[in-house]
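In UniProt numbering, the protein residues as written are 1 to 402.
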């Protein structure tokens, strides 16, 4: 591995105090919050202010990218509401490893996805995450590694029963690339070293095959709309408990095949993903690849999901594939055969309802058979009676002739 891309995965003995040239004994690490694919995230305390913090160790390149990202982004109001705020970053004196210090008291979204817990309303997670990704795009950035652990959330009791979005913030900004020549966007001046890193990342085949845009499996050209596609897959995994291709962990061909199948309206995997949200993947596919995505149709669909008052308008005036929505309506509340064990395990009530429906169906069938048997028996009796009547009439005619 390129040393400039290496992130230490070492689990340090805790508690551990980090020091930089600027701040001596400034940050005390007390616990491991999560272990991600790209290193361990720690929770701790900023000692001089006694406030909770999140600390992540970085690669040398990641450290340069973070500094440039914060220089461009951090002084805006939208940054504070959509991106996990950075308190500090530096290089630890003892280990010479760079690290990033972020605001504490946030929970990693990857943890609830892995545990298959339902904590945040599905549409509220999607809305909060979409706001964060939109902000990146509006500033000309592309996230090179979106996955569930890229997002953080906080449960706000005041918002629990309101219509406001659950607070969701985006991190992993050491993977953010400034996109060149984005239509309608000013390109900020960059550190030449960071520009080289962007070029390297932008042209490299570096992505997570589970969450990357479908076209990246066949061509290494990265578009902003791939971030929206990744967000949809993260959303899908949160709703359903796992990705449809999780049974093929390293088989890129089968993962690509499943992603292609997912675009079909009669796809046999969805159950927990809200019905009208499934079509969002069609909106993303239809976006122009070389422009900043216009998410208006996605926001319209989220609004409809929360309202339901325009239920029939959604069905009749969908902006995606009309046949797609028609098939979805026909599949309403249907549990796909390959999902039954999983769905019944998560929702015993669904199994009870299915068993009840199956028993009712059997009873109706038995009644139908009994009714048919009675009808058949009556018909046979009538036929027999008719036969003797005809025979009697025939004999009577023969007697009269004689």
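Positions of the beta carbon are idealized from the N, C-alpha and C atoms, including for glycine. Only a predicted model underlies this, so the values are computations on that prediction, with no experimental measurement involved.
In or out: residue i buried (at least 16 other Cβ within 10 Å) or exposed?
i, result
"residue 110", "buried"
"residue 218", "exposed"
"residue 146", "buried"
"residue 82", "buried"
"residue 293", "buried"
"residue 362", "exposed"
"residue 358", "exposed"
"residue 298", "buried"
"residue 355", "exposed"
"residue 404", "It is not possible to answer for residue 404, since the shown part of the chain is limited to 1 through 402."
"residue 231", "buried"
"residue 134", "buried"
"residue 241", "buried"
"residue 295", "buried"
"residue 169", "buried"
"residue 349", "exposed"
"residue 144", "buried"
"residue 130", "buried"
"residue 364", "exposed"
"residue 229", "buried"
For the alpha helix (DSSP H) holding residue i, just list the boundary residues, first then last.
i, result
"residue 126", "122-138"
"residue 117", "Unbroken run through residue 117: none, as it is neither H nor E."
"residue 201", "192-203"
"residue 230", "225-240"
"residue 341", "340-346"
"residue 60", "60-73"
"residue 77", "77-82"
"residue 169", "No alpha helix (DSSP H) contains residue 169, which is instead part of the beta strand (DSSP E) from 168-170."
"residue 2", "From DSSP, residue 2 is part of no alpha helix (DSSP H); its letter is neither H nor E."
"residue 146", "Run containing residue 146: none; DSSP gives neither H nor E here."
"residue 103", "Looking at the DSSP string, residue 103 is not in any alpha helix (DSSP H); the run it does join, the beta strand (DSSP E), is 98-103."
Excluding sequence positions up to five away, which residues of its chain have a Cβ less than 6 Å from the Cβ of residue i?
i, result
"residue 259", "214"
"residue 87", "101"
"residue 119", "112"
"residue 308", "Residue placement at residue 308 is flagged as unreliable, the pLDDT there being 49, under the threshold of 50; a coordinate-derived value is accordingly withheld."
Between which two residues does the beta strand (DSSP E) holding residue i run?
i, result
"residue 270", "No beta strand (DSSP E) contains residue 270, which DSSP labels as neither H nor E."
"residue 29", "27-36"
"residue 51", "51-57"
"residue 212", "Where residue 212 is concerned, there is no enclosing beta strand (DSSP E), given that its DSSP letter is neither H nor E."
"residue 16", "16-18"
"residue 91", "86-91"
"residue 178", "176-178"
According to the Cβ coordinates, are residue i and residue j closer than 9 Å?
i, j, result
"residue 179", "residue 211", "no"
"residue 225", "residue 287", "yes"
"residue 148", "residue 27", "no"
"residue 52", "residue 41", "no"
"residue 85", "residue 20", "no"
"residue 15", "residue 44", "yes"
"residue 68", "residue 191", "yes"
"residue 22", "residue 90", "yes"
"residue 227", "residue 137", "yes"
"residue 305", "residue 272", "no"
"residue 177", "residue 198", "yes"
"residue 54", "residue 10", "no"
"residue 263", "residue 285", "yes"
"residue 344", "residue 334", "no"
"residue 139", "residue 72", "yes"
Under 7 Å Cβ to Cβ from residue i, same chain only, skipping five residues before and after it: list those, please.
i, result
"residue 58", "7, 66, 98, 99, 100, 174"
"residue 107", "152, 153, 154"
"residue 167", "128, 153, 154, 156"
"residue 346", "241"
"residue 114", "none"
Since residue i contacts residue j with CB under 8 Å, what's their CB separation in whole angstroms?
i, j, result
"residue 243", "residue 236", "7 Å"
"residue 220", "residue 205", "5 Å"
"residue 274", "residue 123", "7 Å"
"residue 428", "residue 339", "Because residue 428 is not part of the residues shown, which for the chain are 1 to 402, the question remains open."
What residues in its chain sit with their C-beta under 8 Å from that of residue i, if we drop five residues either side in the sequence?
i, result
"residue 321", "The predicted position of residue 321 is uncertain, since its pLDDT is 47 and thus under 50; a value taken from the coordinates is nonetheless stated next. Result list for residue 321: 265, 279, 282, in chain order."
"residue 34", "40, 41, 108, 110, 111, 149"
"residue 233", "210, 211, 243"
Against chain C, does residue i count as a neighbour if the rule is that its beta carbon must be under 9 Å from one of theirs?
i, result
"residue 177", "The chain inventory of the structure shown lacks chain C, comprising one protein chain alone."
Beta carbon of residue i: closer than 8 Å to some heavy atom of the ligand PLP?
i, result
"residue 305", "Ligands displayed in this structure: none; no statement on the ligand PLP is therefore possible."
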